[in-house]
Structures are given as C-alpha cells and as structure tokens.
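Remarks on the structure that follows.
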Amino acid sequence: DAGVIQSPRHEVTEMGQEVTLRCKPISGHNSLFWYRQTMMRGLELLIYFNNNVPIDDSGMPEDRFSAKMPNASFSTLKIQPSEPRDSAVYFCASRTPGTDTQYFGPGTRLTVL
Amino acid sequence: GQNIDQPTEMTATEGAIVQINCTYQTSGFNGLFWYQQHAGEAPTFLSYNVLDGLEEKGRFSSFLSRSKGYSYLLLKELQMKDSASYLCAAFRRGKLQFGAGTQVVVTP
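Quick note, the sequences are listed as chains A and B, same order.
Each residue of the first sequence is one higher than the last, beginning at 1 in my numbering.
Each residue of the second sequence is one higher than the last, beginning at 1 in my numbering.
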C-alpha cells in the first residue's frame, strides 16, 4: 500500500516567492496533519484537518502560511511570501478513523535563500 | 517541545541495552507515542501506550506511568541500524506534542 505522498521532496526558492507544498494522505485516512521540523524548534504541528475540515490551526506561524484540503485525497500548504526563516523540513501525516497513530510522509525540505 | 523532556543524546555499544526516559505534563493527557527518525528521513511509529505498564514489541519495549507523567523506551540487543533520533510524543486533544528527540549513537 502507498504511504503518505509529498511533493516536491526538495524545494529551493528565493525570499519573497510563493511556495506550495502538496500532500496525498493514505487512502481511507480521514485526518491530515502538517508539521514543520527544524533543529531549533524540533517537530511542531502547524495545522490539522478532520474530514477535510481544519480543526486546529494554532500552530500556523503567521498569515503568510495557509493550508487547504479540498478533498479527502489532497492537501496543500502555501507560504506567501516566503522568508529564509521558513527553511525547514515540512512533513505531512495522516491517521485512520478511530485510531490515534499518525503515519508520516517523506517530507519536503524547503530552503529559502 | 514544550513540556516534553527527554535527554539530548545517548551512546551505547552494539549488543547493549539503552533506556530513553521521557517526562511530560499530565494535563489533558491521553497516551504516549514513541517514533524513530533516521537522519534525513520521516518519523516512523514504534509504540503507543495508553495504559500503565510495559508493552514489548521484539527488541523494543515501552513503559508508561500516567500518574507520574513518565515513560521510557527500552532498546535491547542494540544494532548499528538503531542509531537514530527517538521522539517521545504526548497525545492530547487529538494532537501530538513532540519532545526534542534523543539521538542514540550505537558504537561497534
């Protein structure tokens, strides 16, 4: 079975540019999570969705960040405009209904110059 | 991670046993996860404890004491491939709150 799929795997962009990260959760999973991982702050939850509805976005750093989940098989995390301090690995994770365990995608390594 | 404490690094030799401790604040707590993360890779699920006690899964075991806000991950018969970061995460209100991770270095 396919796991969580993320694209791109690596992204290098310049400050001020828009960045869009994509995630396809595991089929049948109804919860989706976006995380950011840095050396300084560790693994932090940005936002999560249940049944395509955003439940908690308290971890989203600021208005430059936005996330959508238009259907059960696709989500995006957008940063506009990007800044060097946004450089991190962004992980997407999903969870099956009625369970607590999250399964992580391979991550997108974002570098903002 | 906020309110999740675990050691930064531990070193052990191949074949040995290592115990990674984790303490957390108990408010709103539902369960305790352990994930393994190799350098440059995604976290992978190891264990989930909801009730007090020890759960064994092959070479890895995880323990939880809810009243003490304490958990540990026990790695037995260490292998070189066990060199990785081990993340403790508290499950609260539908979300995971991660510790900073413990880097385990296995030496020959």
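We put the CB at the ideal spot given by N, CA and C, even for glycine.
Can residue i and residue j be called in contact, C-beta distance under 7 Å?
| i | j | result |
| --- | --- | --- |
| Q37 of chain A | C23 of chain A | no |
| A12 of chain B | L78 of chain B | yes |
| K76 of chain B | R92 of chain B | no |
| S65 of chain B | D52 of chain B | yes |
| T13 of chain A | V89 of chain A | no |
Is it buried or exposed, residue i, if we count other Cβ atoms within 10 angstroms and call 16 or more buried?
| i | result |
| --- | --- |
| L54 of chain B | exposed |
| A16 of chain B | exposed |
| T108 of chain A | buried |
| N51 of chain A | exposed |
| D63 of chain A | exposed |
| Q6 of chain B | buried |
| Q19 of chain B | exposed |
| V53 of chain A | exposed |
Note down, in chain order, each residue of its chain lying with its Cβ closer than 6 Å to the Cβ of residue i, except the 5 sequence neighbours on either side.
| i | result |
| --- | --- |
| G16 of chain A | P81 |
| V105 of chain B | T11, S83 |
| D56 of chain A | Y48 |
Going along the chain, which residues of its own chain have a beta-carbon closer than 7 Å to the beta-carbon of residue i, five neighbours each way excluded?
| i | result |
| --- | --- |
| K68 of chain A | S75, T76 |
| P106 of chain A | Q6, R9 |
Hey, how far is the Cα of residue i from the Cα of residue j?
| i | j | result |
| --- | --- | --- |
| K95 of chain B | F33 of chain A | 9 Å |
| G1 of chain B | Q97 of chain B | Summary for G1 of chain B: the model assigns pLDDT 42, below 50, so the residue's position carries little reliability, and this model does not support an answer. |
| A42 of chain B | Y86 of chain B | 12 Å |
| R95 of chain A | P61 of chain A | 23 Å |
| P25 of chain A | N71 of chain A | 11 Å |
| P84 of chain A | L32 of chain B | 34 Å |
Could you tell me which chain D residues have their CB closer than 7 Å to the CB of residue i, listed as they occur along the chain?
| i | result |
| --- | --- |
| P106 of chain A | Among the chains of the structure shown, chain D does not appear; the protein chains present are A and B. |
Excluding the 5 residues preceding and the 5 following residue i in the sequence, name in chain order all residues of the same chain whose CB lies nearer than 8 Å to its CB.
| i | result |
| --- | --- |
| Q37 of chain B | P43, T44, A84, S85, Y86, L87, G101 |
With 7 Å as the C-beta to C-beta threshold (strictly closer), list the residues of the stretch 5 to 36 of chain B near chain A in chain order.
-> For the stretch 5 to 36 of chain B, residues whose beta-carbon sits nearer than 7 Å to a beta-carbon of chain A comprise G31.
When Cβ atoms are compared, which residues of the stretch 58 to 91 of chain B fall closer than 7 Å to chain A?
-> L87, F91
What are the residues of the stretch 39 to 55 of chain A that lie near chain B, defined by any Cβ-Cβ distance shorter than 9 Å?
-> R41, G42, L43, E44, L45, Y48, N50, I55
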